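Residue numbers (my numbering): 129 to 372.
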């Protein structure tokens, strides 16, 4: 782990917090129905498999991750597809339930699969990105996010101004990823702070290729408890987005 010399004395404490993260970048290209993507058409065999929200409207498809396309992460499934949906309601389904679907077995027979999202033209809310994108992954280890209260307690209470600035730079958890730590624009939710739901399934952050933006310079997070992740139970995922 590379650190500025000004915070070398914090190395041991920082390394104790390290988590593996698969950083996501995007390219503007066509994707197969089963591939990792932002927007576009989800993997869908039957129309009745598309999730309908609490208000009897089709949910908005945000993204899907083919777990075989990324480096493995501890406790995550190593195969299958994770799909992420939010309520098609302003503002981006905030304070509403999300839907994360795990498809363990999937087909690559394109004749059996939808090639276009059957409900996209009927979304009432606009999507928080301007272009669809194919996902690419690169794994790294990252330290505790600087937007957590625990970060302040562990480091900032005794750090000098120079050290605090360097620590915040090293621990700034922006960008798109699966795994690792999230970045909260305003504040960390209680379920993250108390550890009851602190495994990051997906973060979509400000990004130029696909034009991702939630509100005013905002991002979104999907978090799950480690217990539910190990059980492959995605029915209690916490979705949140925050902006400036």
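Just so it is clear, CB atoms sit at the ideal spot from N, CA and C, and this is done for glycine as well.
Predicted model, so just to flag it, every value in this text is computed and none were measured.
Taking all protein chains shown into account, do 16 or more other C-beta atoms lie within 10 angstroms of the C-beta of residue i, making it buried, or fewer, making it exposed?
i	result
residue 215	buried
residue 314	exposed
residue 271	buried
residue 170	buried
residue 275	buried
residue 335	buried
residue 181	buried
residue 308	buried
residue 346	buried
residue 138	buried
residue 156	exposed
residue 273	buried
residue 333	buried
Are the beta-carbon atoms of residue i and residue j separated by less than 8 angstroms?
i	j	result
residue 348	residue 261	no
residue 178	residue 247	yes
residue 186	residue 243	no
residue 304	residue 344	no
residue 194	residue 149	no
residue 310	residue 267	no
residue 218	residue 253	yes
residue 131	residue 298	yes
residue 203	residue 354	yes
residue 265	residue 197	yes
residue 269	residue 129	yes
Let me check one thing: in DSSP terms, what residues is residue i bridge-paired to?
i	result
residue 149	268, 307
residue 349	331, 368
residue 230	210
residue 190	According to DSSP, which records beta bridges pairwise, residue 190 is partnered with nothing at all.
residue 180	186
residue 133	Answer is none; residue 133 lacks a bridge partner.
residue 155	262
For the candidate residues the options, whose alpha-carbon lies nearest to that of residue i?
i	options	result
residue 342	224, 270, 255	255
residue 238	309, 172, 310	172
residue 212	202, 199, 229, 218	229
residue 210	224, 218, 234	234
residue 151	306, 356, 224	306
residue 358	225, 201, 245, 191	201
residue 263	142, 167, 146	167
residue 174	241, 301, 157, 204	241
residue 363	259, 227, 293	227
Within 8 angstroms (strictly less), CB to CB, does residue i reach chain D?
i	result
residue 142	In the structure shown, chain D does not exist; there is a single protein chain.
Does the beta carbon of residue i fall short of 7 angstroms from some heavy atom of the ligand NAD?
i	result
residue 147	This structure lacks the ligand NAD, and indeed carries no ligand of any kind.
Between the region 278 to 286 and the region 359 to 371, do at least 3 Cβ pairs fall closer than 8 angstroms? no
Can you confirm whether the region 349 to 356 touches the region 324 to 336 when touching is taken to mean that 3 or more C-beta pairs between the two stretches lie within less than 8 angstroms? yes
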